[in-house]
Structures are given as C-alpha cells and as structure tokens.
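Q: Protein chains in written order, with this note's numbering: chain B, 1 to 294; chain L, 295 to 588.
The structure follows.
Written as structure tokens, this is what we have:
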C-alpha cells in the first residue's frame with residue numbers, strides 16, 4: 001500500500017491531487033521521474049553512481065540506495081507514471097527531527113538554460129545561499145507526544161542571516177523548542193547529536209574529506225538532510241544522528257575539478273555546527289532555569 | 295626615483311601614458327587609489343586589516359604590508375594623485391616566476407551594483423572561474439638569461455579547462471618551459487617549490503585553515519600570487535616559494551559566515567597542486583630524455 005511520506009520537509013509533496021513522492025511499507029520511496037531533463041538527469045546520476053566502483057563505502061552510505069525505476073500510479077491520479085525507486089530514509093524512525101539544507105551558493109550548473117540560470121540566480125540572491133553558501137529548505141523539529149512537530153513555513157527559513165540560521169540549528173538540538181520558542185534554545189542534545197565520533201559533525205567532516213578530493217561529480221542544487229530521534233535523546237540513548245544527500249537532478253560531471261561550490265557551502269555549514277558545539281550556551285544565562293519540553 | 299614595476303603580471307599597468315602602479319627603490323609599491331568606491335573600499339580594508347588584532351601573524355604574512363596613502367605624480371602624467379603605499383612584493387627577487395590567480399567562482403559581492411554584477415557574472419561564466427573556482431589572471435615564467443621570461447597573453451590564460459590549467463601549473467615549476475614549450479613539462483622543481491614543509495602547498499593549507507574559521511572578511515575578486523626564483527632552484531638552493539594575497543577593492547564584511555566562495559576556489563587550487571606533487575610525471579614517459587633549459 002503506497003502512502004504519502006509522513007516526514008517530508010521540502011520538495012514537491014503529494015496530496016490534494018498533487019504529484020509527489022510515495023512510500024510503501026517495505027522501506028521504499030517512489031519519486032516521480034520529472035518529465036523534462038531533470039528526470040532523465042537524476043536517473044542518469046543514480047544509475048551511474050550506484051554502479052561506480054570509485055565511490056568508497058563510507059561515502060556511498062550518505063546516498064539513498066537506488067532500486068531502479070518502476071511504473072506506479074501517480075499521486076495526482078494521472079495514471080501510471082515512471083518513478084525512481086529509492087531507499088525510504090525515514091524508515092525505522094519514529095518521530096524524526098529533520099532539516100533539509102540546500103547546498104552551494106550557486107544552485108545552477110554552468111550549462112543550464114539561460115532561463116533556468118536567471119531563475120536560480122534570483123533565488124540564490126534573495127535567500128541565504130549567496131551569503132552563507134547554503135539555505136535552509138525545510139525543517140521539522142519533534143517536541144513531544146502532545147505538541148507534535150514544530151514545522152515552520154518553508155519560505156520563512158530560506159533567507160535568514162547567519163545569526164538566525166545558527167539559532168535554528170540550535171533549536172534543532174534543543175529540548176525547549178516548542179513551549180520555549182521565544183526563549184534561547186538550551187542545546188540540550190548538541191553534544192549527542194552534533195558531537196561525538198559518530199555524530200553529525202564527524203559525518204560532515206567525512207563528507208568534506210571526500211569533496212576535497214573527488215573530481216567526478218558536481219552536485220548543484222542538491223540537499224543535505226540531517227535527521228535524529230529526539231525521543232531517544234530524551235531517554236539518554238544514542239539519537240541516531242545521520243546525514244544523507246538527496247536531489248540529484250542537477251548533478252554534472254566534474255571534468256577534473258573538485259565541486260568547490262558544494263564544498264564551500266559544506267565548510268560553511270561545518271563552521272556553524274562547530275560553533276554550536278564549542279559554545280552551545282552562548283546566550284543561555286538568560287534562560288538557564290527554563291526547560292520547556294522535558 | 296619611481297619606476298614601472300618590472301614583474302607585474304595582471305591588473306592595470308603603467309606605461310604609455312596609462313595609469314598604473316609604481317615602485318621605488320626602498321621596496322614600496324604605489325597603487326593608484328581608484329577614484330570610485332573600489333578605491334575607498336580597498337583603503338578601508340587595508341586600514342582595518344592592518345590594525346586588526348584578531349589576525350594572527352602566520353596569516354598577516356600573506357598580505358602586503360600597508361604604509362598608508364601618499365600623493366605622488368601619477369604614471370599617466372595627470373599630476374598628483376593619492377596612492378596606496380604597499381610593500382613591493384618582488385623586492386629582493388632577481389628573476390621571479392609569478393602566477394596571479396583570481397580566486398572564487400564568483401567575483402562579485404552580493405551588494406554590488408546590478409551593472410557590475412552582470413559584468414562580472416558574464417566574465418565568470420566565460421572563464422575558468424565557474425568550473426574551477428578560480429582563473430589564471432596572468433603569469434610569467436623565467437627561462438634563463440638568454441631566453442628571459444615566458445609571458446603569454448593574459449586573456450589566453452583565463453578560460454582554460456582543468457587539464458590545461460594543470461599543464462600551466464606544471465610548466466610553472468618545470469625546467470623545460472621555454473625551449474620545450476610543446477613538450478610535456480618535466481616538473482623538475484615541483485618538489486622544491488610546491489612541496490616541502492615551507493613550500494607553496496604548505497602555505498596554501500595554512501591559509502585554508504584560516505579560511506575555514508574566519509568570518510570577518512569575504513574576499514571577492516582577490517588574487518593569490520605564487521612566486522619563486524627559478525635561478526635558485528637551478529642552483530639547488532631554496533627557491534623561496536611564497537604566496538601573497540592582493541587586490542582588496544571588493545572585500546566585504548563576513549557577517550558571521552566563512553568566505554565559502556574564496557575557500558571553495560582555494561580547495562580547488564590545492565587539489566591541482568596536490569595532484570602535481572603526487573604525480574608530477576603523469577605524462578613524462580613521452581619526453582623523459584628532453585630537458586630544455588638546463
């Protein structure tokens with residue numbers, strides 16, 4: 001039985017007669033193949049990448065597993081349509097907190113059409129992409145059973161200055177997200193989610209080392225997903241912090257150069273996460289007695 | 295006595311009634327203060343940077359020393375004009391080989407005028423900047439007393455694909471640059487110029503570590519100069535490989551984010567230099583018996 005993914009925070013979304021991805025119960029994610037060259041390009045990337053023996057396993061684990069394509073009933077009722085069959089990244093997660101970060105200060109490839117370049121350039125200039133090298137594309141932060149998720153309007157996240165992006169990335173790992181929305185985040189889970197030898201920062205650094213070296217692909221307009229389970233963190237267990245790369249409709253060949261555009265944004269993101277780990281309580285003195293969710 | 299700098303490879307050049315920088319015999323470099331906001335911005339940068347206590351000495355050494363401004367006779371005969379007084383970077387050098395590399399895939403700051411942005415964007419798209427994250431802006435490679443310098447047309451250097459940029463960076467540290475121009479470069483000085491604990495790669499990595507951390511300045515349209523003395527290399531002495539940052543007319547405040555645009559280009563350049571060091575003789579089998587200059 002196919003259904004609408006419960007934890008999608010960005011991208012085209014199914015429902016209300018719209019075309020969007022679907023998931024099944026066996027852990028597969030069906031993404032409609034876009035009819036234009038974006039679809040064929042994303043399929044080409046998955047096909048090439050999934051059989052590319054040059055990709056080490058500690059890097060391929062950051063990408064969704066690819067299971068080919070399949071004709072299934074599209075979510076908009078338009079009949080059988082080709083879909084990419086991918087790993088459902090939220091499988092096994094109960095109440096995941098997720099942020100989708102679109103990488104790079106430039107979201108267009110050099111050989112894109114003039115019209116597409118102008119459209120992307122305008123958006124890159126109007127959002128955080130240009131100043132920060134990435135933009136927050138969507139987020140959901142789990143509060144608790146009663147309050148559910150904090151899931152702000154996607155457009156409200158995209159053009160924030162550095163200090164507010166940092167605040168969001170602090171709230172992402174805080175226990176006082178919902179009831180204490182106007183208070184300074186407590187960063188209660190910064191050390192267990194972002195820190196540690198298997199935490200988010202370590203994973204980002206592992207990805208960075210690969211991007212400093214690989215000249216095979218340039219990942220324009222691709223996103224990093226950061227996910228973890230706040231429920232587990234609250235119980236003192238490993239919160240399962242994980243990063244994944246998604247959205248490859250605009251990947252091109254590297255042609256002998258590293259992907260400096262993605263890498264620059266990645267280093268920028270790493271700097272934000274590092275600062276939060278180094279000084280999680282920069283503003284905490286104001287609200288040290290408040291703890292909203294626990 | 296002021297004269298035209300003998301070793302300038304890029305930027306506005308004095309001579310034939312044109313306005314350009316001058317040098318004196320005491321090691322000072324006089325750069326005409328551009329009349330528009332580029333001039334005031336570069337002066338603002340030098341003034342702020344040279345007194346900024348947050349800049350560690352192992353980083354400030356990569357920047358020209360700033361001695362203030364001075365009214366001197368302009369090189370175009372237009373009378374007394376304000377000039378930035380800077381360290382002459384080629385002082386003490388006899389026959390320097392120099393390459394000027396304009397950094398970043400984007401040479402325009404977010405707040406530049408629309409007209410300026412469009413002009414830069416066009417050039418970034420037409421040159422190596424977009425694919426490589428930097429472009430070669432000018433070069434001179436010393437051959438020997440008889441042949442002098444190889445100094446190709448600046449425009450011919452700016453839009454090369456990755457493989458040809460690598461070839462130029464190999465020729466830069468080769469002994470067969472001039473007489474063996476069509477042959478594969480021998481990379482005879484790669485290890486002593488690019489390699490070693492004080493070589494170019496080490497310096498670039500030192501700069502990279504700072505750029506991964508600093509959120510004070512974003513260096514749009516700034517260049518890295520790489521210099522060394524082939525004469526010393528030929529004598530088996532330390533060739534004095536050195537990098538310097540120049541051209542700060544488009545520096546802006548960092549506002550809490552790292553300079554991902556410069557850093558991306560820097561990582562790209564580092565990858566090229568590393569590859570040359572790792573495999574200097576990738577194509578050498580073809581020309582192993584040829585050595586043009588020695």
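Think of the CB as a built atom: it goes at the ideal place given N, C-alpha and C, for glycine as much as any other residue.
Quick one, which of L:494, L:298, L:517 has its alpha-carbon nearest residue 319 of chain L's?
A: Residue numbering aside, residue 319 of chain L sits at position 25 when the second chain is read from its first letter. If we check each option's Cα against that of residue 319 of chain L, L:298 comes out closest.
Q: Helix, strand or coil for residue 410 of chain L, going by three-state DSSP, please let me know.
A: Here residue 410 of chain L refers to the residue found at position 116 when the second chain is read from its first residue. Helix at residue 410 of chain L.
Q: Is residue 382 of chain L helix, strand or coil by DSSP?
A: Counting from 1 along the second chain, the entry for residue 382 of chain L is found at position 88. It is coil, neither helix nor strand.
Q: How would you label residue 298 of chain B, buried or exposed, when you count the other beta carbons within 10 angstroms and need 16 or more for buried?
A: Here chain B comprises residues numbered 1 to 294, so residue 298 of chain B is not present and cannot be evaluated.
Q: On the premise that residue 248 of chain B lies in contact with residue 45 of chain B, defined as a C-beta separation below 8 Å, what is that separation, rounded to the nearest angstrom?
A: Locating residue 45 of chain B in the first chain gives position 45, where the first residue counts as 1. Locating residue 248 of chain B in the first chain gives position 248, where the first residue counts as 1. Confirmed, about 4 Å.
Q: Which word fits residue 377 of chain L, buried or exposed, when buried means at least 16 other C-beta atoms lie within 10 angstroms of its C-beta?
A: On the second chain, position 83 is the one that residue 377 of chain L refers to. So residue 377 of chain L ends up on the buried side.
Q: Chain L beta carbons: is any one of them nearer than 8 Å to that of residue 224 of chain B?
A: Position 224 of the first chain, counting from 1, holds the residue named residue 224 of chain B. With 8 Å as the cut-off, residue 224 of chain B does not count as an interface residue toward chain L.
Q: Does any residue of chain L bring its CB to less than 8 Å from the CB of residue 267 of chain B?
A: The residue given as residue 267 of chain B occupies position 267 in the first chain. Chain L, which has a Cβ nearer than 8 Å to the Cβ of residue 267 of chain B, makes this yes.
Q: Tell me the DSSP secondary structure of residue 521 of chain L in three-state form.
A: In the second chain, counting from the first residue as 1, residue 521 of chain L sits at position 227. Residue 521 of chain L: strand per DSSP, three-state reduction.
Q: Should residue 365 of chain L go down as buried or exposed, given a rule of 16 or more other Cβ atoms within 10 Å for buried?
A: What you label residue 365 of chain L is simply residue 71 of the second chain in a count that begins at 1. Exposed, because fewer than 16 other Cβ atoms sit within 10 Å of the Cβ of residue 365 of chain L.
Q: Less than 7 Å between C-beta atoms, sequence neighbours within five positions excluded: which residues of the same chain meet that for residue 347 of chain L?
A: Residue 347 of chain L sits at position 53 when you count from the first residue of the second chain. Result list for residue 347 of chain L: empty, nothing under 7 Å.
Q: Residues in its own chain within less than 8 Å of residue 194 of chain B by CB, not counting five upstream and five downstream?
A: Here residue 194 of chain B is taken as the residue at index 194 of the first chain, counted from 1. Only 173, 200, 201, 241, 273, 276, 277 meet the Cβ criterion.
Q: In angstroms with no decimal places, state the Cα-to-Cα distance between residue 372 of chain L and residue 316 of chain L.
A: Within the second chain, residue 372 of chain L is the residue found at index 78, counting from 1. Within the second chain, residue 316 of chain L is the residue found at index 22, counting from 1. Roughly 14 Å between the two C-alpha positions.
Q: Any beta carbon from chain B within less than 8 Å of residue 425 of chain L's own beta carbon?
A: The residue you call residue 425 of chain L lines up with position 131 of the second chain. Judged by the 8 Å Cβ criterion, residue 425 of chain L is in contact with chain B.
Q: Can you find a CB in chain L that lies within less than 8 Å of the CB of residue 125 of chain B?
A: Mapped onto the first chain, residue 125 of chain B falls at position 125. Cβ-Cβ to chain L under 8 Å: yes for residue 125 of chain B.
Q: How would you call residue 587 of chain L, buried or exposed, if buried means at least 16 neighbouring beta carbons within 10 angstroms?
A: For the purposes of this step, residue 587 of chain L is identified with residue 293 of the second chain, where counting begins at 1. Low local confidence applies: a pLDDT of 36 at residue 587 of chain L is under 50, so the model's placement there is unreliable, with the coordinate-based value given in what follows. With 16 or more other Cβ atoms within 10 Å, it is buried.
Q: Can you tell me whether residue 288 of chain B is buried or exposed, with buried defined as 16 or more other CB within 10 angstroms of its CB?
A: Residue numbering aside, residue 288 of chain B sits at position 288 when the first chain is read from its first letter. Its pLDDT being 39, under 50, residue 288 of chain B is placed unreliably by the model, and nothing is read from it.
Q: Once the 5 residues before and after residue 510 of chain L are set aside, which same chain residues still bring their CB inside 6 Å of it?
A: Against the second chain, residue 510 of chain L aligns to sequence position 216. Within the same chain, residue 510 of chain L has close Cβ partners 548.
Q: Helix, strand or coil: how does DSSP classify residue 272 of chain B here?
A: Working through the first chain from its first residue, we reach residue 272 of chain B at position 272. DSSP places residue 272 of chain B in helix when its eight states are reduced to three.
Q: Between the beta-carbon of residue 595 of chain L and the beta-carbon of residue 258 of chain B, is there less than 8 Å?
A: One cannot answer for residue 595 of chain L here, as it falls past the ends of chain L, which runs 295 to 588.
Q: If you draw a straight line from the alpha carbon of residue 50 of chain B to that of residue 66 of chain B, how long is it in whole angstroms?
A: Indexing the first chain from 1 puts residue 50 of chain B at position 50. Indexing the first chain from 1 puts residue 66 of chain B at position 66. The straight-line gap from Cα to Cα measures roughly 7 Å.
Q: Where does residue 46 of chain B sit, in a helix, a strand or coil, going by DSSP?
A: In the first chain, counting from the first residue as 1, residue 46 of chain B sits at position 46. If DSSP states are grouped into helix, strand and coil, residue 46 of chain B belongs with the helices.
Q: For residue 73 of chain B, which of B:18, B:112, B:89 has the nearest alpha-carbon?
A: Start at 1 with the first residue of the first chain, and residue 73 of chain B comes out as number 73. Residue 73 of chain B has its Cα closest to that of B:18, out of B:18, B:112, B:89.
Q: Along the chain, which unbroken stretches of the alpha helix (DSSP H) at least 4 residues long are found entirely within the stretch 118 to 192 of chain B?
A: The qualifying runs are 129 to 132, 162 to 171.
Q: Would residue 573 of chain L count as contacting chain B if we go by Cβ distances under 8 Å?
A: As a working note, residue 573 of chain L is residue 279 in the second chain. Closer than 8 Å: no.
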